[in-house]
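J.: Just so you know, the protein sequences line up as chains G and D, in that order. Heads up, the first sequence is in this note's numbering, so the first residue is 1 and it goes up one at a time. Heads up, the second sequence is in this note's numbering, so the first residue is 1001 and it goes up one at a time. C-beta: ideal position from N, C-alpha, C; glycine also. Model, not experiment: these values are computed from the prediction. There's a structure below that I have some questions on.
Number of protein chains: 2
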Amino acid sequence: MATNPGPCNNAAIRQAARMLGQLYDDALAPSGLRGTQYTLLYVIQEMNAPTLREMADQLVMDLSALGRSLKPLERDGLVAIVADPNDGRAKRATLTKAGSKTLKRALELWRDAQDRFEKAFGTKRAEELRSVLESLSSREFREAFQNGAALRK
Amino acid sequence: MATNPGPCNNAAIRQAARMLGQLYDDALAPSGLRGTQYTLLYVIQEMNAPTLREMADQLVMDLSALGRSLKPLERDGLVAIVADPNDGRAKRATLTKAGSKTLKRALELWRDAQDRFEKAFGTKRAEELRSVLESLSSREFREAFQNGAALRK
DNA sequence: AAAAATCAGTTGCATATGCCTTGAATATAT
DNA sequence: ATATATTCAAGGCATATGCAACTGATTTTT
């Protein structure tokens, strides 16, 4: 039974995130990227030069936090932040050649980690995990929680 | 379908943790505690003056990270770190009177948040969530992942 | 008992994140 | 066309976390 932080959903997810974060960080280490950085590069490629705002929304993260997280990647020449030609306020994140290359390399490591995850956790459970996490990250859930109301599916 | 950070388990759990963290932080705000701090106080009470090492193990977190997280609580007089009488190396975390009081107050806020969570997320789903998170945090899973093997259990 | 291996915490260094404020640019309302 | 509101990003400030190096204390070897 352990003195688990109570069945606190928040504590539980943070703990699991810390744990998994380390495993993925280790797996990606050869690429020089941390798990979070891999995600950033991936999203930049996927969204094709998104503005920081768009990226932050996509990742459900604070804009300033995102900006800071990109700094190390910029410094290391993997990401370039360029002004948006149509909106003087916006800036877009793009992958440099080195960034694309690093991402490509990291993708392989990531895939391997993902595979090991499925194997160790079980396909069924993994499916279940992603499913609940997706619900958690949804706007619907947040609103339902804030309203103290039930999730209307 | 959105450009979800790929079905990356790591990215997904971090995202969900960020989201939920904010909701719990908001809920606990009246007590002056962040979600993580609430957890620390709770664990200290639950484990009854644990050494930092014991706490760190329980929370599956880095010892130095724990030590630093306790600093603000110490500074604010909610937690006191005392030397272990039997082991010159160890230190134990204890709640001060103010700490207990704050925790008690926070507990109510937490319970409310937890309730809203169940209601918004659904009891069944909540159950599912805690179940997968617990598996994730287990030593067995970590080892299985690292060995690239399947979880024998 | 002396030397060697371990263990608990601390500190330096670095990333991850969030909130609030500020400045510049754009969009809206009048 | 102006004044006003909104939006994007940056900066200051603070917590959350991890790793590696280091010190002091305890345990294990020899």
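Could you tell me the alpha carbon to alpha carbon distance between Arg1152 of chain D and Gly1099 of chain D, rounded to whole angstroms?
T.: Residue confidence for Arg1152 of chain D is low, a pLDDT of 47 falling below 50, so the modelled location carries little weight; the figure read from the coordinates is stated next. Distance between the alpha carbons of Arg1152 of chain D and Gly1099 of chain D is about 42 Å.
J.: Can the beta-carbon of Leu78 of chain G be found closer than 7 Å to that of Ile44 of chain G?
T.: no
J.: With distances taken between CB atoms, is the gap from Lys104 of chain G to Leu52 of chain G smaller than 7 Å?
T.: No, these two residues do not count as a Cβ contact at 7 Å.
J.: Output needed for Ala1106 of chain D: all residues of its chain with C-beta closer than 6 Å, excluding positions within five of it in sequence on either side, in chain order.
T.: Leu1028, Ser1031, Leu1033 and Tyr1038
J.: Here's the rule I'm using: 16 or more other beta-carbon atoms within 10 Å means buried, otherwise exposed. How should Pro50 of chain G be labelled?
T.: It counts as buried.
J.: Within the same chain, show all residues whose beta-carbon is closer than 7 Å to that of Leu109 of chain G, passing over the 5 residues directly before and after it, in chain order.
T.: Ala27, Leu28, Pro30 and Ser31
J.: Please give me, in chain order, every unbroken run of the beta strand (DSSP E) with length at least 3 that falls completely inside the stretch 1062-1140 of chain D.
T.: The stretch 1062-1140 of chain D contains these whole beta strand (DSSP E) runs: 1079-1083 and 1091-1095.
J.: Met61 of chain G to Arg1018 of chain D, Cα distance in whole Å?
T.: 7 Å
J.: Since Thr1036 of chain D and Ser1069 of chain D are thought to touch, with beta carbons under 8 Å apart, how far apart are those beta carbons, to the nearest angstrom?
T.: 7 Å
J.: Do you know offhand how far Arg75 of chain G's Cα is from Met55 of chain G's?
T.: 19 Å
J.: Alpha carbon to alpha carbon, what distance is there between Asp1057 of chain D and Ala83 of chain G?
T.: 46 Å
J.: With a threshold of 7 Å between beta-carbons, can Thr51 of chain G be considered close to chain D, or not?
T.: By this cut-off, Thr51 of chain G is not an interface position.
J.: Taking its Cβ as the centre, do 16 or more other Cβ atoms sit within 10 Å of Ser64 of chain G, making it buried, or is it exposed?
T.: exposed
J.: What's the C-alpha gap between Ile1081 of chain D and Ala16 of chain G?
T.: In a straight line, the C-alpha of Ile1081 of chain D is about 27 Å away from that of Ala16 of chain G.
J.: Report the residue from D:Arg1014, D:Leu1020, D:Tyr1024 and D:Cys1008 whose alpha carbon sits nearest the alpha carbon of Arg1111 of chain D.
T.: It is D:Tyr1024.
J.: Is it right to say Pro5 of chain G is buried, meaning 16 or more other beta carbons lie within 10 angstroms of its own, or is it exposed?
T.: Its pLDDT being 43, under 50, Pro5 of chain G is placed unreliably by the model, and the measurement read from it follows with that caveat. Pro5 of chain G is buried by the Cβ-count criterion.
J.: Answer yes or no: does any C-beta atom of chain D fall closer than 7 Å to that of Arg130 of chain G?
T.: yes
J.: Taking Arg125 of chain G as the query, report the chain D residues whose CB atoms sit under 8 Å from its CB, ordered along the chain.
T.: Val1132 and Ser1135
J.: Note down, in chain order, all residues in the stretch 9-22 of chain G with a beta-carbon under 9 Å from any beta-carbon belonging to chain D.
T.: Asn9, Asn10, Ala11, Ala12, Ile13, Arg14, Gln15, Ala16, Ala17, Arg18, Met19, Leu20, Gly21 and Gln22
J.: Gly1067 of chain D to Leu1073 of chain D, Cα distance in whole Å?
T.: 10 Å
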